[in-house]
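Those protein sequences? They're chains A and B, same order as listed.
All residue numbers for the first sequence refer to full-length UniProt numbering, where the first residue is 1 and numbers rise by one.
All residue numbers for the second sequence refer to full-length UniProt numbering, where the first residue is 1 and numbers rise by one.
Even glycine gets a Cβ: it sits at the ideal position worked out from N, Cα and C.
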Amino acid sequence: MLDPELPVLTLADLGVLRDVHEDGDHVVVTITPTYSGCPALDEMRADLTRSLTAAGYTSVEVRTVLAPAWTTDWISDDGLRKLAEHGIAPPSRIGRRGPVPLNLEPPAARVACPRCGSLRTRELSRFGSTACKALRACGDCKEPFEHVKEI
Amino acid sequence: MNAYEGLVDTGEERHWAFGTGFTAALSGVDRALPAEVDTEDLTAYCLMLGDDALILSQRLAEWCSRAPELEEDVALANIALDLLGQARLLLTRAAEADGVACDEDTLAFTRDEHEFRNVRLVEIDCGPGPGGDFAATIARLLVFSTYRLALLQRLTGSRDPVLAAVAAKGVKEVAYHRDHAAQWTLRLAGGTEFSRERMVAGLERVWPFVDELFAPHPVEARLPGIAVDSATLRAEVDEVLDTVFAAASLARPEVSPLATVAGRGGRDGVHTEAMGYLLAEMQHVHRSMPGATW
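Below is the structure:
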């Protein structure tokens, strides 16, 4: 199952697939949204139902859990690698974080260009083509690229 | 091939003409109501938080294609989408706490003005039309997201499992909103003389609506352990705003708060003139063609 908006990743790579429980012909799949307003969630639900029905399950239930909230730390190592291979800068690992700090400095440019590896990159926009991505540009190869934001 | 054919449903699922067309936003989430809760109060509280998000989402969406630059169209639309997502979850919770047969769409599209419980800050017209401009929209976003982040952070400890879960997700999103607004505040205040003038005017435009955010409400008091007492958020919000103002060399505006009507404000369904126009635009398709699908 591929993510509708990042089709280089499977739902498992992305970390939104939380649980699969199989009981004969009945299967319960649990997923979690990346962002509260993520419009891809219903596509995922429909895709899962379609694929599992095609795979022979007579009863398919897709559940959504909100807690614990999704974090980019749940993207698998494989997922990070696939993102970079497809020209999307992967998020850094954030680990456990305390209260969200207010950041009044320009964001630190520690995002490597997925094309040439340069660290001379800058943020063009904090919000890119989907809620989970920012838009950046490389100062060396001059190419724009997307970056999955740490959350 | 007709360009619209791709939009038309070919499978069994029906597309929605407006609203969401599905009610599965909370499927699988632990929906048990907390012990000894007055469901009418819980509904009212979910509507307060949900309506704040819904109405500001509508206002931000008005900027799409009209922001100063393309990236900002996308940014404001993304922020609106986050808030809409939060609103859907909160209105769904309001509907199920209420126990009557209604859903998020019914609440969003068929309530009248006096039934909306959002603060007045989110409904006023801050542009892109003559009611304001980009700086006023940024000023509002700065104040609102600072307030909402403080609120959601405390709400993560709520006894209501759904409110706690919605808050935990929302904290991450709203932190980005606050950061975006703070960055723009610095940029506008430190830009040209003209941009600074607009930023100062924008803050003055929204400041009369700030006190209402921290007015304690009886519904909050009746939901101990579930709701957050708004009055307790003030110090934290002031501290964040003062930090931004200091960095931007801006002074806190000196304008009087907008009065309530016999003690009643947005949280009690008493709104400003702007609200009726906003709802007319948001609701008219649904009201003209109830139940339409395609």
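Kindly say whether residue i, judged by its beta-carbon, lies nearer than 7 angstroms to any beta-carbon of chain B.
| i | result |
| --- | --- |
| residue 126 of chain A | yes |
| residue 131 of chain A | yes |
| residue 89 of chain A | no |
| residue 37 of chain A | yes |
| residue 67 of chain A | yes |
| residue 14 of chain A | no |
| residue 151 of chain A | yes |
| residue 104 of chain A | yes |
So who's on the other strand from residue i, going by DSSP bridges?
| i | result |
| --- | --- |
| residue 144 of chain A | A:137 |
| residue 19 of chain A | A:30 |
| residue 62 of chain A | A:29 |
| residue 89 of chain A | A:147 |
| residue 2 of chain A | A:10 |
| residue 261 of chain B | B:264 |
| residue 121 of chain A | A:138 |
Exposed or buried, residue i, counting other C-beta atoms within 10 Å across all chains shown (16 or more means buried)?
| i | result |
| --- | --- |
| residue 94 of chain A | exposed |
| residue 116 of chain A | exposed |
| residue 275 of chain B | buried |
| residue 194 of chain B | exposed |
| residue 21 of chain B | Because residue 21 of chain B carries a pLDDT of 46, less than 50, the predicted location of this residue cannot be relied on, and no value is offered for it. |
| residue 170 of chain B | buried |
| residue 176 of chain B | buried |
| residue 146 of chain B | buried |
| residue 142 of chain A | exposed |
| residue 288 of chain B | exposed |
| residue 65 of chain B | exposed |
| residue 202 of chain B | buried |
| residue 19 of chain A | exposed |
| residue 291 of chain B | exposed |
| residue 267 of chain B | buried |
| residue 45 of chain B | buried |
| residue 85 of chain A | exposed |
| residue 69 of chain B | exposed |
I need the DSSP call for residue i, collapsed to helix, strand or coil.
| i | result |
| --- | --- |
| residue 126 of chain A | coil |
| residue 151 of chain B | helix |
| residue 53 of chain A | helix |
| residue 110 of chain A | coil |
| residue 276 of chain B | helix |
| residue 95 of chain A | coil |
| residue 78 of chain B | helix |
| residue 126 of chain B | coil |
| residue 217 of chain B | coil |
| residue 67 of chain B | coil |
| residue 158 of chain B | coil |
| residue 35 of chain A | coil |
| residue 254 of chain B | coil |
| residue 194 of chain B | helix |
| residue 228 of chain B | coil |
| residue 36 of chain B | coil |
| residue 245 of chain B | helix |
Does the distance from the CB of residue i to the CB of residue j come in under 7 angstroms?
| i | j | result |
| --- | --- | --- |
| residue 331 of chain B | residue 155 of chain B | Only positions 1 to 294 of chain B appear in this structure, which leaves residue 331 of chain B out of reach. |
| residue 137 of chain A | residue 144 of chain A | yes |
| residue 327 of chain B | residue 130 of chain B | This structure cannot settle anything about residue 327 of chain B, because the visible part of chain B is limited to 1 through 294. |
| residue 79 of chain A | residue 13 of chain A | yes |
| residue 179 of chain B | residue 226 of chain B | no |
| residue 116 of chain B | residue 51 of chain B | yes |
| residue 138 of chain B | residue 184 of chain B | yes |
| residue 47 of chain B | residue 97 of chain B | no |
| residue 41 of chain A | residue 165 of chain B | no |
| residue 17 of chain A | residue 9 of chain A | no |
| residue 205 of chain B | residue 136 of chain B | yes |
| residue 81 of chain B | residue 56 of chain A | no |
| residue 231 of chain B | residue 214 of chain B | yes |
| residue 71 of chain B | residue 125 of chain A | yes |
| residue 143 of chain B | residue 182 of chain B | no |
Please decide whether residue i counts as near chain A, where near means a Cβ-Cβ distance under 7 angstroms.
| i | result |
| --- | --- |
| residue 86 of chain B | yes |
| residue 82 of chain B | yes |
| residue 71 of chain B | yes |
| residue 75 of chain B | yes |
| residue 286 of chain B | no |
| residue 358 of chain B | Since the first residue shown for chain B is 1 and the last is 294, residue 358 of chain B is missing from the structure and cannot be characterised. |
| residue 67 of chain B | no |
| residue 180 of chain B | yes |
| residue 165 of chain B | yes |
| residue 221 of chain B | no |
| residue 247 of chain B | yes |
| residue 97 of chain B | no |
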